[in-house]
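Asks: Residue numbers (our numbering), protein chains in the order written: chain H, 1 to 424; chain V, 1 to 424. Sharing a structure with you now.
2 protein chains.
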Amino acid sequence: MEKFQPVAGNGLLDRRAFLRGGAALAAAVTGYARAEPLAEAPWSKEPGELVPAYGTPSKFEKAAVRTLSNPKGEPRTSHARTPHQLLQGTATPNGLHFTISHAGNADIDPAQHRLAIHGLVKRALVFTPETLSRYPLVSRFAFVECGGNSAPLFSPEPIQATVQAIHGLASCAEWTGVPLATLLEETGVDAKAKWVIAEGADSPHLSRSVPLEKILDDAMVALYQNSERVMPGQGYPMRLLLPGWEGNMNVKWLRRLELTEQPAMSYYESRTYAPILPSGKAYQFYFIQEVKSFITQPSVGFGMKGPGFYEISGIAYSGNGRITKVMVSADAGKTWAEAALQEPVMSKSFTRFRIPWQWNGGPAVLQSRAWDALGNVQPTRAEIVAQRGVASRVPPPTAFPSQHYNAITSWAIDANGSVRHVYA
Amino acid sequence: MEKFQPVAGNGLLDRRAFLRGGAALAAAVTGYARAEPLAEAPWSKEPGELVPAYGTPSKFEKAAVRTLSNPKGEPRTSHARTPHQLLQGTATPNGLHFTISHAGNADIDPAQHRLAIHGLVKRALVFTPETLSRYPLVSRFAFVECGGNSAPLFSPEPIQATVQAIHGLASCAEWTGVPLATLLEETGVDAKAKWVIAEGADSPHLSRSVPLEKILDDAMVALYQNSERVMPGQGYPMRLLLPGWEGNMNVKWLRRLELTEQPAMSYYESRTYAPILPSGKAYQFYFIQEVKSFITQPSVGFGMKGPGFYEISGIAYSGNGRITKVMVSADAGKTWAEAALQEPVMSKSFTRFRIPWQWNGGPAVLQSRAWDALGNVQPTRAEIVAQRGVASRVPPPTAFPSQHYNAITSWAIDANGSVRHVYA
Chain H
1 MEKFQPVAGN GLLDRRAFLR GGAALAAAVT GYARAEPLAE APWSKEPGEL VPAYGTPSKF
61 EKAAVRTLSN PKGEPRTSHA RTPHQLLQGT ATPNGLHFTI SHAGNADIDP AQHRLAIHGL
121 VKRALVFTPE TLSRYPLVSR FAFVECGGNS APLFSPEPIQ ATVQAIHGLA SCAEWTGVPL
181 ATLLEETGVD AKAKWVIAEG ADSPHLSRSV PLEKILDDAM VALYQNSERV MPGQGYPMRL
241 LLPGWEGNMN VKWLRRLELT EQPAMSYYES RTYAPILPSG KAYQFYFIQE VKSFITQPSV
301 GFGMKGPGFY EISGIAYSGN GRITKVMVSA DAGKTWAEAA LQEPVMSKSF TRFRIPWQWN
361 GGPAVLQSRA WDALGNVQPT RAEIVAQRGV ASRVPPPTAF PSQHYNAITS WAIDANGSVR
421 HVYA
Chain V
1 MEKFQPVAGN GLLDRRAFLR GGAALAAAVT GYARAEPLAE APWSKEPGEL VPAYGTPSKF
61 EKAAVRTLSN PKGEPRTSHA RTPHQLLQGT ATPNGLHFTI SHAGNADIDP AQHRLAIHGL
121 VKRALVFTPE TLSRYPLVSR FAFVECGGNS APLFSPEPIQ ATVQAIHGLA SCAEWTGVPL
181 ATLLEETGVD AKAKWVIAEG ADSPHLSRSV PLEKILDDAM VALYQNSERV MPGQGYPMRL
241 LLPGWEGNMN VKWLRRLELT EQPAMSYYES RTYAPILPSG KAYQFYFIQE VKSFITQPSV
301 GFGMKGPGFY EISGIAYSGN GRITKVMVSA DAGKTWAEAA LQEPVMSKSF TRFRIPWQWN
361 GGPAVLQSRA WDALGNVQPT RAEIVAQRGV ASRVPPPTAF PSQHYNAITS WAIDANGSVR
421 HVYA
């Protein structure tokens, strides 16, 4: 291992190690055999499967799906979580993008759907999906994250669950749509307007109030998601996209934008997404998803295959802009090493980080910590719990802190190779 | 229209027009109505559809699928083409990534699949998919294009077909895998090695010879495609990725890399992908997919909705590196205006270009022309036909030019609003 000197405790290697090649890895990775003669597998001896009109994953990848909180579609909220532990790269495939639907996925005929922009405008306008497609479009990569993602980490004891169960309510896609700045030039804006009430066409008519400043900054009406039309679970035929802001504000099945002087104080902003803090104040109108990261490989559910070389890999993002640095620790935060960031690093988008690791077979606690372009640093769990408290099992439910957990996640590697969720 | 002065003939507007907002567009785009009261659609009055484990497009988007050349899976090659006219952005969704399979999609059990690297190496090694996943991974966006994409443009008369039928054998994805430079450090390389024979585990055992220099430059064994495992039609559980090089060389279902002194002169490189030029020489071992662009919206199949504002949008790419400029003409190449390129512009990847256009309702011929970082410029059709000839209906079939058409495509807009493919 003389090529790869550890740069932090418990075996973390320099992030540039992989750029110099892997000659030292051969001894660490098992499973080799002589190459020849090559065996002829059954699929090499007969024609393959039909090429379909719309490709789907291999039947051997059935585990790489979203987990469902409400698989029978009972009359309550449905959550579908992204399997981050099985993914690599940055953009989430559309089939695996997380969904939260408060009454199922609205099944909208685009020929009948309308978007109204009205209220404090100079002239109210109604747009069809086809009319919107005539406007100049822009594309950008952006993550969307539920405000309640990672809520299990407010639990007083660490819940043993996969990264999908804990952090699966965040995904990233290339969105294409019409900038709202363009559409509001069409309607004109009354000088008194300060807020925009966005409302969905789903049966709960989910609505949220958005400051006009954000709408004029980088908001869009998204028509496409990773190049194809937005999926039903992401708001087909159109959703509001507010890059970096709380997921539910990115209103799906968007049918109305009403410009107003005051926020609507809608159900979803005054109750569901407004938990009570220990101080007795509501945690409300906190829009930005702050800087965050978590390790996806290895994580709970992985079985380590004995001591040797592993790559630690994960996702970092910030609603404030670009990720500038991710540090990784293998010794529960005593020492840290800088991870490699996969280029291109895009603002308000997932950034994949990776760092090589020589596991010595002993106990280890893996953590990641991210920094963003505004200089924000991901907090420790102790810091966020000190501000916002810990979930208890005592009612009322609105007194549980459950929103905007962005602190560090810790995975403990045991000597037997299993991975546990711990607080460290 | 005083805000938007044309910058080239027949109504092309400055590419920055959309950055200044769209107040001038209102008069040009029809379909408005008063906003209130909002109608309540059926889907706003009842619970929606079940949230599935793997999301799929809306049932109203059934046309957004690949077209199939061999839908019954007869014993011949199957082509599945990407519907570019219905897509926006840059990364092709996995379900819509083009596929060419010479005997269907091999249906491979990853637990039994092996990749051998052997021949002129210091030690032959065999890798399982799981072993490869232990290595340091890299991600990059890259297009893959069949050498025969756009072959209809060698026809003596313009074929009336959609952009999907003409240019649908090119797609783009974020690929994640192990750099081959890393794996060849593991095996060691004999000084005599100059070529690498890549072979698939599909029943035709498609094989191609790749210069070792490319393998050591930016080639990878790709395990993931847009974050999830590579699709069966793209080579599950692994494919060779040679960014910017001819599609079939990116060998799917990869099972063998043999280092040699000479190319193999395999069937696919000595016959299928080696057409005879007018000079009598074979057009062989021409690897790079040269700089290219085409307009996707509007294109054949679109019906223009009367005079007024439209956005012209398309895709540009080069196997040599980044796209540096795309020019668009609305008057068959007499005058040109520079299109906006969607950031980030990535090397050997699709780049989306867009330019605003005020259609006056008269005849127009739309063209795009791209430049790359090496200074290459997309040729005119006359230039490429002068070099390589035109397809005829006379045998032998190998005398048809059919490969590496990268010249300009022309769409004629007629006064009735229909779009035709023309040579101009």
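Even glycine gets a Cβ: it sits at the ideal position worked out from N, Cα and C.
I want to see whether chain V comes within less than 9 Å of R229 of chain H, judged by CB atoms only; does it?
Replies: So yes, R229 of chain H belongs to the interface.
Asks: Given P307 of chain V, which residues of its chain have a CB within under 7 Å of its CB, disregarding the five upstream and five downstream residues?
Replies: Closer than 7 Å at Cβ, skipping near neighbours: W359, N360, G361.
Asks: By the three-class DSSP mapping on this structure, what secondary structure does M249 of chain H have?
Replies: Three-state result, M249 of chain H: helix.
Asks: Counting only beta-carbon separations shorter than 9 Å, does T56 of chain H have a partner in chain V?
Replies: With 9 Å as the cut-off, T56 of chain H counts as an interface residue toward chain V.
Asks: Tell me which same chain residues have a C-beta within less than 7 Å of the C-beta of G303 of chain H, skipping the five on either side of it?
Replies: So the qualifying residues of the chain are G417, S418.
Asks: Tell me whether the beta-carbon of A264 of chain H lies closer than 9 Å to the beta-carbon of I215 of chain H.
Replies: Cβ atoms of A264 of chain H and I215 of chain H: not closer than 9 Å.
Asks: Classify G48 of chain V: buried if its beta carbon has 16 or more other beta carbons within 10 angstroms, exposed otherwise.
Replies: Buried, by the Cβ-count rule.
Asks: Within this structure, are the beta carbons of P52 of chain H and V65 of chain H separated by less than 9 Å?
Replies: No, the Cβ-Cβ distance between P52 of chain H and V65 of chain H is not below 9 Å.
Asks: State the start and end residues of the unbroken beta strand (DSSP E) segment that holds S133 of chain V.
Replies: It is not in any beta strand (DSSP E) - S133 of chain V instead sits in the alpha helix (DSSP H) that spans 129–133.
Asks: Whose C-alpha, out of V:V326, V:P93, V:W195, is nearest the C-alpha of Y54 of chain H?
Replies: Selected option, being the one with the closest Cα: V:P93.
Asks: Roughly how many angstroms lie between the CA atoms of G22 of chain H and T182 of chain V, to the nearest whole one?
Replies: Because G22 of chain H carries a pLDDT of 48, less than 50, the predicted location of this residue cannot be relied on, and the following value inherits that uncertainty. Computed Cα separation, rounded: 5 Å.
Asks: Let me check understanding here. Comparing Cα to Cα, which of H:T272, H:P71, H:L341 lies closest to Q403 of chain H?
Replies: Of the listed residues, the one whose Cα sits closest to Q403 of chain H is H:T272.
Asks: For a minimum of 3 consecutive residues, which ranges assigned as the beta strand (DSSP E) are wholly contained in the region 159–204 of chain H?
Replies: Listed in chain order, they are 170–179, 195–200.
Asks: I'd like to know if the region 200–219 of chain V and the region 150–168 of chain V are in contact, where contact means that at least 3 CB-CB pairs between them fall below 8 Å.
Replies: Touching, no, given that fewer than three Cβ pairs across the two stretches are closer than 8 Å.
Asks: Short check: CB of V377 of chain H to CB of F353 of chain H, under 9 Å?
Replies: No, they are not a contact pair.
Asks: Rank V:N226, V:A170, V:P401 by C-alpha distance to the C-alpha of S293 of chain V and give the top, closest one.
Replies: For the residues V:N226, V:A170, V:P401, the minimum Cα distance to S293 of chain V belongs to V:A170.
Asks: How many angstroms separate the CA atom of V178 of chain H from the CA atom of Y317 of chain V?
Replies: Going from the Cα of V178 of chain H to the Cα of Y317 of chain V covers about 24 Å.
Asks: In three-state DSSP terms, what is R271 of chain V?
Replies: It is helical.
Asks: Let's test the definition: count the other Cβ atoms within 10 Å of the Cβ of A39 of chain V and tell me whether it reaches 16, buried, or not, exposed.
Replies: Classification for A39 of chain V: exposed.
Asks: Below 8 Å between beta carbons is the criterion; list the residues of the region 38–52 of chain H that meet it against any residue of chain V, in chain order.
Replies: Flagged, chain order: L38, A39, A41, W43, S44, K45, E46, P47, G48, E49, L50, V51, P52.
Asks: The region 89–105 of chain H: which residues have C-beta closer than 9 Å to a C-beta of chain V, in chain order?
Replies: Answer in chain order: G89, T90, A91, T92, P93, N94, G95, L96, H97, T99, I100, S101, A103, G104, N105.
Asks: In chain H, what lies closer than 8 Å to Q342 of chain V by C-beta?
Replies: Ordered by position in chain H, the residues that pass the 8 Å Cβ test against Q342 of chain V are V138, S139.
Asks: Could you pull the DSSP bridge partners for P6 of chain H from this structure?
Replies: Paired residue(s): H:L13.
Asks: Can you look up G301 of chain H in the DSSP assignment and give me helix, strand or coil?
Replies: Coil at G301 of chain H, not helix or strand.
Asks: How far does the beta strand (DSSP E) with V367 of chain V in it reach, from first residue to last?
Replies: Note on identity: in this sequence residue 367 of chain V is Gln, with Val being the wrong assignment. Where Q367 of chain V is concerned, the enclosing beta strand (DSSP E) stretches over 364–372.
Asks: Give the DSSP-derived three-state secondary structure of R76 of chain H in the structure shown.
Replies: Coil at R76 of chain H, not helix or strand.
Asks: With DSSP as the reference, label Y32 of chain H as helix, strand or coil.
Replies: Bear in mind that the predicted position of Y32 of chain H carries a pLDDT of just 49, short of 50, making it too unreliable to give a figure here.
Asks: Counting only the same chain and skipping the five closest in sequence on each side, list residues whose C-beta sits under 8 Å from that of R239 of chain V.
Replies: Counting only Cβ-Cβ distances below 8 Å, and skipping sequence neighbours, we find V221, A222, V230, N250, V251, K252, W253, L254.
Asks: Answer yes or no: does any C-beta atom of chain H fall closer than 9 Å to that of S299 of chain V?
Replies: So, not an interface residue.
Asks: Start and end of the beta strand (DSSP E) containing V328 of chain V?
Replies: From DSSP, the beta strand (DSSP E) with V328 of chain V extends over 323–329.
Asks: Return the residues of the region 219–243 of chain H that lie within a Cβ-Cβ distance of less than 7 Å from chain V, sorted by chain order.
Replies: Within the region 219–243 of chain H, the qualifying residues are Y224, N226, S227, E228, R229, M231, P232, G233, Y236.
Asks: Along chain V, which residues have their Cβ under 7 Å away from the Cβ of A193 of chain H?
Replies: Those do not exist, as A193 of chain H stays about 15 Å from chain V at its closest Cβ, beyond 7 Å.
Asks: Need the endpoints of the beta strand (DSSP E) that R420 of chain H sits in, please.
Replies: Where R420 of chain H is concerned, the enclosing beta strand (DSSP E) stretches over 419–422.
Asks: Closer than 9 Å, Cβ to any Cβ of chain V: which residues of the region 304–337 of chain H, in chain order?
Replies: Per Cβ criterion, the list reads K305, G308, F309, Y310, E311, S313.
Asks: Alpha carbon to alpha carbon, how far is K122 of chain H from K192 of chain H?
Replies: Near 11 Å, if we compare the C-alpha coordinates of K192 of chain H and K122 of chain H.
Asks: Roughly how many whole angstroms lie between the Cα atoms of L115 of chain H and I355 of chain V?
Replies: So the two alpha carbons sit approximately 25 Å from each other.
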